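Participant:
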Amino acid sequence: MADSTLPARPAGPARRDQPRRIRQRLGSIGAHGFLVVASILLAGPFLWELLTSFKSLTESVQVPPTWLPSSWHLSNYTAVFDAIPFRTELSNSVINAVARTVAQLLFCSMSAFAFAWLKFPGRNVVFALFLSVLLVPSQLLVIPQYQIMQDLHLLNTIPALFLPGMFSAFGTFLLRQFFLALPPELHEAARLDGAGPIRIYWSIMLPLAKPGLVALGLLTMIWSWNDLLWPLIVNNDPGKMTLSVGIANLQGVYLTNYPVLMAGALMATLPLIIVFVVMQRRVVEGIALTGTKG
Amino acid sequence: MTEMATRDVAGPAGSRNASRAASPKGGAAPAAGRRRRGRGRGPNTSAWWALFFLAPTGIGLGVFYIWPVIQTFYYSFTSWGPFGGHTFTGLANYRSLLHDPALSSAFLNTLWYCLLGLLGIPVSLVLAQVLGRRGRKGVSVYRTLMFLPVITMPAAVAIVWRWLYNGDYGLVDELLSKVGIKGPYWISDPHTALIAVAIVGIWSTVGYNMVVLMAGIQGIPRTYYEAAELDGAGPVRQFLSVTLPLLTPSIFFVMVYSVIGSLQTFDLIYVLIGPTNAALPQSQSVIYLFYQDSFINNNRGYGAAMAFVLMLVVIAVTGLQFRLQKRWVHYG
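Protein sequences appear in the order of chains F and Y. For the first sequence, the residue numbers in our numbering are 1188 to 1481. For the second sequence, the residue numbers in our numbering are 936 to 1267.
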């Protein structure tokens, strides 16, 4: 392509080169200006949250507001511990996110493997049934799900937080796409070598679908961490709640003490923000995959 | 669960050793392999294996997702007493749904959330185009900053925005006053509460839409742009004639996802608006009303009917979008 275009433009582009470069320069500055403004709009609230969390209550309601705290108060952070059982809720959130993520990675990859590589009667019907789950907004199933938890005597327990979230039609589809993208010869060759389905699944397919597993794992972790409605419904003992509910409750205690509320909001989101910043590339790739493959 | 995981780890390792040991022993091994493959194709062996691999997710989805759909449908014809227990009341719930002013306004509010939420897509598209340009510097820094709202817990986001929207000391009104606008009490004013929620909704999804659209833009073959450039098309023309048509599948996905997300608005209403807010009727979503009726007022049968209607609406809207896509989505 490049070769064929070269002879076509001998003198022309060379003459235009100088203004063109200037125009590109200006365009680049304009683009960065635009991106900086967008970044401020999207990330600015977090900066304001951080700054407010260190201010005293009186300073936070000063008019006009100060940007930097005149003195940095850590007391807002300790106040969070007094208002809600933060440590317990943090560990509940971690257990909830890890249990859902580990279970989904194992279970979804198993079912995805079956749909992608095993031939069995009724495969399309079962697949359509799985597909139908995707159409139903999960919030609408909470009444029967609550009843099931009640029947299992699991209300107000930690397992109640993660039990339904261990299974996912979405995860099955996402991983199925990954398995389908692998060369079929691989499966054939492994079978000819006498490998059984479990070995093909665990030692051949799973390692090759690693990008998909990482994507699903991170997405599940984010969704589990942030979920509000389900823990709110299924548990009401503060010691059995996740941080999302804890933060909503904190608002009930410190109605308008915004410095404390900001400190609490920051503490509840920080673990996930750290995971995201460290794994930024993977998270974004995973999100992009849901758009192109999911 | 961990028991299962370790069994799976042990399984393949064990069988690997066994087959390594067996295969050099002579001509029997390939034949056995072929016979096994033949058997694997037959209905029996494969069906058992499929059952094994599908069982966890299949049972889980069946118990917690598929069966509840049927149950929700059944509950929607029942009335619940204050101490549990329910009686069959036929279509009574659906009849009251029709005459519930709270529900019709909640549906109207939710419709607004869907429409306003779509406004975030052109913004995301421009961002994706500018950020996704070849050789753009600082992509990962910008992307991290813009993506923060997407990964942050909506409950925490709502608290932060409550502070930003505060009518007396909030940053939003403070900045507006700098340009001479007297800002409202955003979340307690019935005229602005819905807009305030919608803005936070857009704010928290722009980064997601941008990333999906950027992946779509980067998937467009470079040769199309080279051809367009040879034809003398400038950047704007290239965007309109190459990027936009080829990006329609991604735009379609983002639209469907955005509408489904807006139909499910709950967390923002619960924390940002709150149950005692005077502006609640003008801003509450269907899911919020559903939560209120089913779990606060313990009117489960009525809630189930509401849930079922909303489910039909979601399916209908999504179906409609898929039907309409033939008119404007180009699959290269």
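Ideal placement from N, C-alpha and C gives every residue a C-beta, glycine not left out. None of these values were measured; they are calculated from a predicted model.
1) Shorter than 8 angstroms from the beta carbon of Gln1219(Y) to some beta carbon of chain F?
2) Can Ala1475(F) and Val1065(Y) be called in contact, C-beta distance under 8 angstroms?
3) Below 8 angstroms on the Cβ atoms is my contact criterion, and I expect Met1081(Y) with Met1145(Y) to pass it. Report the Cβ-Cβ distance as a whole number of Å.
4) I'd like to know whether the C-beta of Val1421(F) is nearer than 8 angstroms to at least one C-beta of chain Y.
5) Does the distance from the C-beta atom of Arg1155(Y) to that of Val1177(Y) stay below 8 angstroms?
6) Would you say Tyr1445(F) faces chain Y, with C-beta separation under 8 angstroms as the test?
7) Does DSSP classify Trp1015(Y) as helix, strand or coil?
8) Name, please, each residue of chain Y whose Cβ falls closer than 9 angstroms to the Cβ of Ser1448(F).
9) In chain order, what residues of the region 1455-1481 of chain F put their CB closer than 9 angstroms to some CB of chain Y?
10) Pick out whichever of Thr1245(F), Ala1225(F), Gln1249(F), Trp1254(F) has its Cα sitting closest to the Cα of Glu1236(F).
11) Which same chain residues end up closer than 7 angstroms to Ala956(Y) when comparing Cβ atoms and leaving out the 5 residues on each side of it in sequence?
12) Pull up the CB-CB distance for Ser1431(F) and Ala1284(F), whole angstroms please, since I reckon it's below 8 angstroms.
13) Touch check for the region 1073-1087 of chain Y and the region 1418-1436 of chain F: three-plus C-beta pairs under 8 angstroms?
14) Go ahead and pull the three-state DSSP assignment for Ser954(Y).
15) Determine which residues share a DSSP beta bridge with Phe1023(Y) and list them.
16) If contacts are defined as beta-carbon pairs under 8 angstroms, then Gly1131(Y) and Leu1051(Y) qualify, I think. What distance do you get, rounded to the angstrom?
17) What are the boundary residues of the alpha helix (DSSP H) that includes Ile1345(F)?
18) If we call anything under 8 angstroms between Cβ atoms a contact, is Gly1288(Y) one with Trp1121(Y)?
19) Residues in the same chain with beta-carbon distance under 8 angstroms from Glu1472(F), minus the five sequence neighbours each way, listed in chain order, please.
20) Along chain Y, which residues have their Cβ under 7 angstroms away from the Cβ of Val1281(F)?
21) Show which residues of chain Y have a CB atom less than 8 angstroms away from the CB atom of Val1401(F).
22) If we ignore side chains and look at the alpha-carbon of each, how far apart do Gln1217(Y) and Leu1046(Y) end up?
23) Check whether the region 1442-1451 of chain F touches the region 1362-1378 of chain F, counting contact only when three or more Cβ pairs, one atom from each stretch, lie closer than 8 angstroms.
24) Kindly indicate which three-state DSSP category Tyr1266(Y) falls into: helix, strand or coil?
25) What residue range is occupied by the uninterrupted alpha helix (DSSP H) comprising Leu1111(Y)?
26) Measure from the alpha carbon of Asp1228(Y) to the alpha carbon of each residue in Val1004(Y), Gly997(Y), Trp1015(Y), then state which is nearest.
27) Helix, strand or coil: which one does DSSP assign to Val1289(F)?
28) Start and end of the alpha helix (DSSP H) containing Tyr1264(F)?
29) Taking 7 angstroms as the cut-off, is the C-beta of Ile1137(Y) nearer than that to any heavy atom in the ligand PLP?
30) Measuring CA to CA, which of Pro1251(F), Pro1351(F), Leu1405(F), Asn1343(F) is closest to Leu1111(Y)?
31) Can you give me, in chain order, the residues of the region 1239-1269 of chain F that have a beta carbon less than 9 angstroms from any beta carbon in chain Y?
32) Is Ile1345(F) near Asn1436(F), with beta carbons less than 8 angstroms apart?
33) Could you spell out the range, first to last residue, of the alpha helix (DSSP H) harbouring His1340(F)?
34) Enumerate in chain order the residues of its own chain whose CB-to-CB distance from Asn1233(Y) is below 7 angstroms, with the five nearest sequence positions on each side excluded.
35) At a CB distance below 8 angstroms, what residues from the region 1242-1258 of chain Y approach chain F? Give them in sequence order.
36) At least one CB of chain F closer than 8 angstroms to the CB of Ala982(Y): is that the case?
Facilitator: In brief:
1) Closer than 8 angstroms: no.
2) Taking 8 angstroms as the Cβ cut-off, Ala1475(F) and Val1065(Y) do not qualify as a contacting pair.
3) Right, their Cβ atoms sit about 6 angstroms apart.
4) With respect to chain Y, the C-beta atom of Val1421(F) has no partner C-beta closer than 8 angstroms.
5) The sequence given here places Ile at residue 1155(Y); Arg does not occur at that position. Taking the C-beta atoms as reference points, Val1177(Y) is found nearer than 8 angstroms to Ile1155(Y).
6) Taking a beta-carbon distance threshold of 8 angstroms, Tyr1445(F) counts as an interface residue toward chain Y.
7) DSSP, read as helix, strand or coil, puts Trp1015(Y) in strand.
8) The sequence shown places Leu at residue 1448(F), not Ser. Contact annotation for Leu1448(F) against chain Y: Ile1094, Val1095, Arg1097, Trp1098 [CB-CB distance below 9 angstroms, chain order].
9) Only Ala1455, Thr1456, Leu1459, Ile1460, Val1462, Phe1463, Val1464, Gln1467, Arg1468, Val1470, Val1471, Glu1472, Ile1474, Ala1475, Leu1476, Thr1477, Gly1478, Thr1479, Gly1481 from the region 1455-1481 of chain F bring a Cβ to less than 9 angstroms from some Cβ of chain Y.
10) Selected option, being the one with the closest Cα: Trp1254(F).
11) Legend: pLDDT at Ala956(Y) = 37, less than 50; position of this residue unreliable, no value from coordinates given.
12) At roughly 11 angstroms, the Cβ-Cβ gap does not stay under 8 angstroms, so Ser1431(F) and Ala1284(F) are not in contact.
13) Contact between the region 1073-1087 of chain Y and the region 1418-1436 of chain F is absent: fewer than 3 CB-CB pairs across the two stretches fall below 8 angstroms.
14) Interpretation of Ser954(Y) is limited by its pLDDT of 38, a score under 50 that renders its predicted location unreliable; the figure taken from the coordinates is listed afterwards. Three-state result, Ser954(Y): helix.
15) Bridge partners of Phe1023(Y): Thr1013(Y).
16) Contrary to the premise, residue 1131(Y) reads as Ala rather than Gly in this sequence. Rounded, the Cβ-Cβ distance is 11 angstroms, inconsistent with contact.
17) Annotation: the continuous alpha helix (DSSP H) that includes Ile1345(F) extends over 1345-1349.
18) Only positions 936 to 1267 of chain Y appear in this structure, which leaves residue 1288(Y) out of reach.
19) The residues are Pro1398, Ala1402.
20) Per Cβ cutoff of 7 angstroms: no residues; Val1281(F) is ~14 angstroms from chain Y at best.
21) Within 8 angstroms Cβ-Cβ: nothing; Val1401(F) doesn't reach chain Y, min ~15 angstroms.
22) So the alpha carbons of these two residues sit roughly 12 angstroms apart.
23) A contact is defined here as three or more CB-CB pairs under 8 angstroms, and the region 1442-1451 of chain F fails this definition with respect to the region 1362-1378 of chain F.
24) Three-state DSSP puts Tyr1266(Y) in coil, outside helix and strand.
25) Here the alpha helix (DSSP H) through Leu1111(Y) covers 1106-1113.
26) Of the listed residues, the one whose Cα sits closest to Asp1228(Y) is Trp1015(Y).
27) Residue state, collapsed to three classes: helix.
28) Going by DSSP, Tyr1264(F) is part of the alpha helix (DSSP H) stretching over 1262-1270.
29) Of the ligands one can find in the structure shown there are none, so the ligand PLP has no counterpart to examine.
30) Cα-wise, what sits closest to Leu1111(Y) is Pro1251(F).
31) Residues of the region 1239-1269 of chain F with a C-beta atom less than 9 angstroms from some C-beta of chain Y are Thr1239, Ser1247, Val1248, Gln1249, Val1250, Pro1251, Pro1252, listed in chain order.
32) Going by beta carbons, Ile1345(F) and Asn1436(F) fall outside the 8 angstroms limit.
33) No alpha helix (DSSP H) holds His1340(F); DSSP gives it neither H nor E.
34) Excluding positions up to five away in sequence, the list reads Trp1015, Pro1017.
35) Listed by position, the residues of the region 1242-1258 of chain Y near chain F (Cβ gap below 8 angstroms) are Ala1242, Phe1243, Leu1245, Met1246, Val1249, Ile1250, Thr1253.
36) Ala982(Y) counts as touching chain F.
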